[in-house]
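Structure first, then comments.
4 protein chains.
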Amino acid sequence: MSDLRIAVLGVGMMGADHVARIGSKIAGARVTVVNDYLTEKAETLAATIPGCRAIADPLDAIADADVDAVLLATPGTTHEKQLLACLEHGKPVMCEKPLTTDVATSLEVVKREAELGKRLIQVGFMRRFDAEYVALKTLLTDGELGTPLVMHCVHRNAEVPPNFDSSMIVKDSLVHEVDVTRFLFDEEITSIQVIKPAANPNAPQGLQDPQIAIFQTASGKHVDVEVFVTTGVAYEVRTEVVGERGSAMIGLDVGLVRKSAPGHWGGQITPSFKERFGLAYDVEIQRWVDAVRSGVNVDGPGAWDGYAAAAVCAAGVASLESGLPVAVEMVSRESITGA
Amino acid sequence: MSDLRIAVLGVGMMGADHVARIGSKIAGARVTVVNDYLTEKAETLAATIPGCRAIADPLDAIADADVDAVLLATPGTTHEKQLLACLEHGKPVMCEKPLTTDVATSLEVVKREAELGKRLIQVGFMRRFDAEYVALKTLLTDGELGTPLVMHCVHRNAEVPPNFDSSMIVKDSLVHEVDVTRFLFDEEITSIQVIKPAANPNAPQGLQDPQIAIFQTASGKHVDVEVFVTTGVAYEVRTEVVGERGSAMIGLDVGLVRKSAPGHWGGQITPSFKERFGLAYDVEIQRWVDAVRSGVNVDGPGAWDGYAAAAVCAAGVASLESGLPVAVEMVSRESITGA
Amino acid sequence: MSDLRIAVLGVGMMGADHVARIGSKIAGARVTVVNDYLTEKAETLAATIPGCRAIADPLDAIADADVDAVLLATPGTTHEKQLLACLEHGKPVMCEKPLTTDVATSLEVVKREAELGKRLIQVGFMRRFDAEYVALKTLLTDGELGTPLVMHCVHRNAEVPPNFDSSMIVKDSLVHEVDVTRFLFDEEITSIQVIKPAANPNAPQGLQDPQIAIFQTASGKHVDVEVFVTTGVAYEVRTEVVGERGSAMIGLDVGLVRKSAPGHWGGQITPSFKERFGLAYDVEIQRWVDAVRSGVNVDGPGAWDGYAAAAVCAAGVASLESGLPVAVEMVSRESITGA
Amino acid sequence: MSDLRIAVLGVGMMGADHVARIGSKIAGARVTVVNDYLTEKAETLAATIPGCRAIADPLDAIADADVDAVLLATPGTTHEKQLLACLEHGKPVMCEKPLTTDVATSLEVVKREAELGKRLIQVGFMRRFDAEYVALKTLLTDGELGTPLVMHCVHRNAEVPPNFDSSMIVKDSLVHEVDVTRFLFDEEITSIQVIKPAANPNAPQGLQDPQIAIFQTASGKHVDVEVFVTTGVAYEVRTEVVGERGSAMIGLDVGLVRKSAPGHWGGQITPSFKERFGLAYDVEIQRWVDAVRSGVNVDGPGAWDGYAAAAVCAAGVASLESGLPVAVEMVSRESITGA
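Chains as they are written, first to last, in our numbering: chain V, 14 to 352; chain C, 14 to 352; chain U, 14 to 352; chain Y, 14 to 352.
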């Protein structure tokens, strides 16, 4: 079996990271084409990889005969066109979140894939590949907590880039908890409320941080999420599921425990998402590569998942403005698949 | 200095526990009078305690010349009359929660005490005496977390008595988090929302359990509380405060950690409130005894705190019905103290 | 039942602490006599306690008609004479460790008590009253770990007084692990080896610190102890028992857990033995008071336990010099009790 | 750069695992030759790997023109001859422990590699690649604990194969702590003592389990190790280093923490070494592949490390018999390198 030939579109921080990962950690795959709107950047990178070319036009890159599959790390606004091109060429595509930047185009992408009758799109919700989330999912699937009833999530960053605004907290941060909820509970979120506590004095002027989100799911489960992106402390992601027969928590940040004068004990909190989920990214890419090469349909999060996330986030932004619960509007999955 | 002579009114589970505590753990105090609406029960108990009599009428018990101070463990509906009698006789009284069973009578009690110009009433919020809560309070007072912004609370019971109804979850369970919020943040709760997730299948028919309560405080701090009283697991009380310079959590239930076949590690969760807060009860009573004997005014939670709790709970019950945020209505403290 | 009248002999740090404890935390007891070789110190203290006198001669204090029981917190060298006086007067005595300062006199005390046919002496091994040790003991008694095989102990102090020498590490520190071993395993220690690692550069000149002690018990159980008294960190006491069906550990110093910038999490280690075992001291004294007042023989650690500790420590000091295993020499218990 | 062509010698459990790893997780490498003394087994395996042949004679496999490097997972008794063949052909070799089965042949191998003046051999001490051990090493290197003084290690298996004997506990289990000690402290072990507690009643007849090993290092550091291979519980590896400025512990087995009725909390202990160190194996192999392909000398544990381990284990087996401390005999490293 020959290596999977991948085109990586967008070689900013995330895309370049994926290029390096494929080259150094992923068996059975190699990057044959790179593309970026900064042409020179792509060319410089291509020159460092044996058998890799830069192609200036993203659609040409997708169409190229030397490309079996596509990894999309371009800005979200360009995803729709690029995803549709991948579908047109029948090429599997691994798409970093978001699927697209609004609900309507996300749905359009979902429909076009459904028409093909073949799963080609995977979205980059890497937490599904993290060992702790997998363990928690298994616990739920095995029924060991009984019916899940309530979930508490915490999502904290030490800091965010200067351009980060209040709605990005929903679309870029909270979106992960949206997918976690759907992944763990296997049902859609039907309502979201965003609460705005008094803001952190250290947050940039105008940034509503922290935010508290309340999800209600189809069967009435309650999820609350604290998103706090200017804590100045560290990267902290914690999830507790409370079920009818017990509860379980992940993300306690334990590990090396140290004692030192004067009278302290403790450890180091994961400094950033790279350390926390680096292995999850590896597993994610490798499974996708393996699935694609073997011809078996990928089973990671798909276009529908990207669409659902977009729908919930749109409602979340609305609730952020109104302060009230906002119903999530989604078409039924059956209307797409015809099943 | 001679021993403090205490009348214990109400010798059901809680009252009998206090009688035993005073006899065996509390220096400088003794029970000289017991009272219960079940006369025989009080007499039987009195017979076991040297120098102790049963008095049939609670008001007579309060007035008795052999009584320096009163401990009230009677049903909440009788508190108002008994508290006023204590005030009339100028006798210090330690009153188990609630202060009274509604907001109006609570306020009346507060006013009558204020008219005396002397602090005589203490309410039984024993968490203020628990070592972990004290440590958390100290952390906040010392400013080590900066401005507190958000608090997450969990309050779980394995089970509740058969007559426990949905509003008792608010008035008997959530009330503790009400006081914890006021104690830790030193400000009033201005709004409460109670969310009703799909009920625990194992809860008695008609009981809304779990419940999620959202408090907003005067300065805009956010507090969420999971109250879940039919977990079947254990007694779990957990509190996390998130501030501008870090967060802190208490109630993680660690202690003896054990590993056993096949492949498990863990420990025992505190089985009930007696184990969890037994020492706090001791400290509470002892400090009160000491304060009363030395003539220094008591500094534990007072009538105002009982009143504030009643006000918040009333709003909570309203929100439980409407599902919407309900403003808490309270008179200003200045209108009472005249300060 | 009237209060137990206690004479406290020796009112240095430990004795004064006990005097305060009895006055403020212990029900059913009061200090009627205090004694110290610094006469003025005892008189000053007595003046602060209602109904309490200072008596200059310790033997007179023991004999005094106003004394039901004696608490010994005098220097170890004076214990033998004072203990024998207590036995002579048939007065119960709570004796801070050591029982006496050498094996022979300890044995003499054991014999004299045995001749009386009545248990009068309790030795101050307060760990037996600590909740964690009690939980560990219960686990073993209930057979949940099966046969215990190995125990690992850690005993660390941040610092010690300037006069602390290498043998005091054995006699004053390690002695607690000696009693813990005997308490948990219900059998005697038959061999001890003290290993001398390269010394801590921060330890005072000449102090062998840390020390590693290896005990073997009668049935062949292995116990190792790290004693390290100049860590500069905190007071840490940890015990892990490994049995045929699992292991259990106490003393992990968890509690309030805090996260703070830059990227640390952790808590506060118990700063000293007062915080760690304060409650154990209370329980210890109270149980003793109760047992004495009720006329039931005390069941805490007795003279035999003090003797056994002395025997093991003597062997420990010998091993400290030779670096080799040293057999512990003890008479059989049957030779004393005649049973 | 073309893929590294690897011959895997020995395709039992460990070798087959490495073959699978290279095929599915390791970038830049492929298995071109497999060998086993069970010829058919090798042929069956080769048939499943594109471009891979079975070669019946291990020395032919090493010499094969289609082989750049060798991975040795054959029985330890065959290592010497195979390692020398690798050296003769100038081929890098990754050798599973032990280097050879006795001290003399280990030293011979070290010498032959030294004569070549080129580092070709790496030994399979994979803990050096485990994230927690790396974090602990970094802590020590950065001096955050000051001078290390004492180390406590625990090494527990739930069970062992039927043929496991008392000396294998030293040579196959304890050997890892030997390397951990040398890795963390950067100095040789100079003395070892193996203590034999009363055996676990559940251990096979004749197996001395648990065993306690005491190491002393060149500078006088103390290391104790509990090796207990029939716990019936799980795979537990724990290491605590105590230094002059604090202590640090790894291997606490925390992760997903769960609460369940009736009143338990806890998590799952790592079931076996595959889960615990699987990632470490990946990193180990990948770094080795990368180093070999780039022509830079490998920096993992080398032949000298294998020799040192053999020397310590030989002394350990001797102490196992005598029960006394046994000095470790080794030539000086300078006598080999001539430096």
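Glycine residues also receive a C-beta, built at the ideal position from the N, C-alpha and C atoms.
If you're wondering where the values come from, they're calculated on a predicted model, not measured in any experiment.
query, result
"For Thr-114 (chain C) versus Val-122 (chain C), is the C-beta distance shorter than 8 Å?", "no"
"Please state if the CB of Ile-225 (chain C) and the CB of Val-341 (chain C) are separated by a distance shorter than 8 Å.", "no"
"Are the C-beta atoms of Lys-38 (chain C) and some chain U residue less than 8 Å apart?", "yes"
"Cβ atoms of Gly-259 (chain Y) and Arg-251 (chain Y): under 8 Å apart, would you say?", "no"
"If you measure beta-carbon to beta-carbon, which residues of the segment 220-254 of chain V are closer than 8 Å to chain C?", "Pro-223, Ile-225, Ile-227, Gln-229, Ser-232, Gly-233, Lys-234, His-235, Asp-237, Glu-239, Phe-241, Thr-244, Gly-245 and Val-246"
"Using the beta-carbon count (16 or more within 10 Å), is Asp-237 (chain Y) buried or exposed?", "buried"
"Comparing the C-beta of Pro-210 (chain V) with each C-beta of chain C, is any distance below 8 Å?", "yes"
"Counting only beta-carbon atoms, is Pro-214 (chain U) nearer than 8 Å to chain Y?", "yes"
"Could you pull out every residue in the same chain whose Cβ sits closer than 7 Å to the Cβ of Met-27 (chain C), ignoring the five residues on either side in sequence?", "Ala-86 and Glu-109"
"Can you list the residues of chain C that His-165 (chain V) reaches, using a CB-CB cut of under 9 Å?", "His-165, Val-167, Asp-237 and Glu-239"
"If you drop the 5 nearest sequence neighbours on each side, which residues of the same chain put their C-beta closer than 7 Å to that of Ala-55 (chain U)?", "Val-24, Val-47, Asn-48, Asp-49 and Ala-67"
"Who does His-189 (chain V) pair with in a DSSP beta bridge?", "Note: His-189 (chain V) sits in no beta bridge, so no partner."
"Under 9 Å Cβ-Cβ, which residues of chain C neighbour Leu-197 (chain V)?", "Within 9 Å Cβ-Cβ: nothing; Leu-197 (chain V) doesn't reach chain C, min ~15 Å."
"Does any residue of chain V bring its CB to less than 8 Å from the CB of Leu-162 (chain C)?", "yes"
"Since Arg-34 (chain C) is in the alpha helix (DSSP H), which residue starts that stretch and which ends it?", "26-37"
"Could you pull out every residue in the same chain whose Cβ sits closer than 7 Å to the Cβ of Gly-256 (chain C), ignoring the five residues on either side in sequence?", "Leu-158, Gly-159, Thr-160, Pro-161 and Leu-162"
"Taking all protein chains shown into account, decide if Pro-210 (chain V) is buried (16 or more other Cβ within 10 angstroms of its Cβ) or exposed.", "buried"
"How many Å lie between Val-136 (chain C) and Ala-33 (chain U) at the Cα?", "28 Å"
"By DSSP, does Ile-62 (chain U) sit in helix, in strand, or in coil?", "coil"
"Please confirm whether Thr-194 (chain C) and Phe-228 (chain C) have their CB atoms less than 8 Å apart.", "yes"
"Just reading off the beta strand (DSSP E) that Ser-260 (chain Y) is part of, what are its end residues?", "259-263"
"With DSSP as the reference, identify every bridge partner of Met-164 (chain V), one or two as the case may be.", "V:Val-236 and V:Val-254"
"Name, please, each residue of chain V whose Cβ falls closer than 7 Å to the Cβ of Gly-259 (chain C).", "Val-246"
"With H, G and I counted as helix, E and B as strand and the rest as coil, what does DSSP make of Ile-225 (chain U)?", "strand"
"Using DSSP with H/G/I as helix, E/B as strand and the rest coil, what is Gln-135 (chain Y)?", "strand"
"What is the residue span of the beta strand (DSSP E) that Val-183 (chain V) lies within?", "No beta strand (DSSP E) contains Val-183 (chain V), which DSSP labels as neither H nor E."
"Could you check which residue in C:Glu-101, C:Leu-96 and C:Thr-154 has the C-alpha nearest to that of Phe-198 (chain C)?", "C:Thr-154"
"Tell me which residues share the same chain as Ser-273 (chain U) and place their Cβ nearer than 7 Å to its Cβ, disregarding the 5 neighbours each side in the sequence.", "Reliability of the predicted coordinates at Ser-273 (chain U) is poor, the pLDDT of 49 falling under 50, and the value obtained from them is presented with this limitation in mind. Nothing meets the Cβ criterion."
"When we look at the beta-carbon of Asp-318 (chain C) and count the other beta-carbons within 10 Å, is it buried (16 or more) or exposed?", "buried"
"Work out the CA separation of Gly-130 (chain Y) and Pro-73 (chain Y) for me, nearest whole Å.", "For the record, residue 73 (chain Y) in the displayed sequence is Asp; it is not Pro. Taking the straight line from one Cα to the other gives about 24 Å."
"How many Å lie between Ala-76 (chain C) and Ile-39 (chain C) at the Cα?", "23 Å"
"Assuming Asp-79 (chain Y) contacts Thr-45 (chain Y) under a Cβ cut-off of 8 Å, what Cβ separation, rounded to an integer in Å, is found between them?", "5 Å"
"Counting beta carbon pairs with one atom in the segment 171-188 of chain V and one in the segment 215-222 of chain V, are three or more of them shorter than 8 Å?", "yes"
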